[in-house]
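The structure appears right after this line, and notes come after that.
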Amino acid sequence: MSKSNPIMPAKLKPWLYASGSLTQQLTELAGGQFRVQPVQESFQKLLLNDAKWMQMPFQHGAWVRESYLYGCEAAPWVKAKSIFPVLSLKKRARIFKHIGSRPIGWYLFQRTNPKCERRVIWLEEGWTRQSCYTWHGCKFIVQETFLATFEDYIQKS
Numbered sequence: 509m510s511k512s513n514p515i516m517p518a519k520l521k522p523w524l525y526a527s528g529s530l531t532q533q534l535t536e537l538a539g540g541q542f543r544v545q546p547v548q549e550s551f552q553k554l555l556l557n558d559a560k561w562m563q564m565p566f567q568h569g570a571w572v573r574e575s576y577l578y579g580c581e582a583a584p585w586v587k588a589k590s591i592f593p594v595l596s597l598k599k600r601a602r603i604f605k606h607i608g609s610r611p612i613g614w615y616l617f618q619r620t621n622p623k624c625e626r627r628v629i630w631l632e633e634g635w636t637r638q639s640c641y642t643w644h645g646c647k648f649i650v651q652e653t654f655l656a657t658f659e660d661y662i663q664k665s
């Protein structure tokens, strides 16, 4: 398998294309265990391709949260990155700036089913799903990279 053009593992495909809350899905897989470890939270300039996807002015900033998601193992399963444009933070999504180590999915899928556009890509760290959500009129991106530790776990189960 070439690192530049890897083959998507069959057991990972359902995870990359699943709808609904990844938080809930990982919690179920891990027998009720799940935690989020924030790594970095800061204001950053929107990247041009992200701004285009969300139909936002690229010169605006965004609140970016990077974290690791853990299941029932010591090593993280997913590297997550959430991009909330400042324009969205002024609306209902402003809660996402202050959630700390709580999962975004707890808020995002609570009594709602947000509109979601999805793309799946390969990044250096692993297979990644990028989701552009529209939630209560706010647009933002959640990127989830499934790490090798997760792939190893699902191959064994």
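Here our numbering is used: the first residue of the sequence shown is 509, the next is one more, and so on. Don't be surprised by glycine CBs; every beta carbon is placed ideally from N, CA and C.
Member of the options whose CA lies at the smallest distance from the CA of residue i
i: residue 581; options: 572, 544, 604 and 517; result: 544
i: residue 653; options: 610, 552, 627 and 609; result: 627
i: residue 642; options: 629, 632 and 597; result: 597
i: residue 617; options: 520, 533, 518 and 516; result: 533
i: residue 553; options: 565, 519 and 611; result: 565
i: residue 607; options: 621, 660, 573 and 520; result: 573
i: residue 621; options: 644, 651, 556 and 632; result: 644
i: residue 649; options: 661, 623 and 664; result: 623
i: residue 584; options: 658, 610 and 612; result: 658
i: residue 611; options: 530, 568 and 625; result: 530
i: residue 625; options: 605, 556 and 526; result: 526
i: residue 551; options: 557, 595 and 569; result: 569
i: residue 613; options: 588, 632, 633 and 634; result: 588
Helix, strand or coil at residue i according to DSSP, with G and I counted as helix
i: residue 519; result: coil
i: residue 541; result: coil
i: residue 552; result: strand
i: residue 662; result: helix
i: residue 598; result: coil
i: residue 652; result: strand
i: residue 638; result: strand
i: residue 591; result: strand
i: residue 509; result: With a pLDDT of 45 at residue 509, under the threshold of 50, the predicted position of this residue should be treated as unreliable, though the coordinate-derived value follows. Here residue 509 sits in coil by DSSP.
i: residue 612; result: helix
i: residue 536; result: helix
i: residue 571; result: strand
Contact check, residue i vs residue j, beta carbons under 9 Å
i: residue 559; j: residue 593; result: yes
i: residue 590; j: residue 547; result: no
i: residue 579; j: residue 535; result: yes
i: residue 577; j: residue 542; result: yes
i: residue 519; j: residue 638; result: no
i: residue 563; j: residue 647; result: yes
Residue i at chain C interface by Cβ criterion, 9 Å
i: residue 580; result: Among the protein chains of the structure shown there is no chain C, as only one such chain exists.
Assumed close pair residue i, residue j - CB separation to whole angstroms, cut-off 8 Å
i: residue 524; j: residue 586; result: With a Cβ gap of about 11 Å, residue 524 and residue 586 do not count as contacting.
i: residue 630; j: residue 517; result: Not really, about 12 Å apart at Cβ, beyond 8 Å.
i: residue 640; j: residue 561; result: 5 Å
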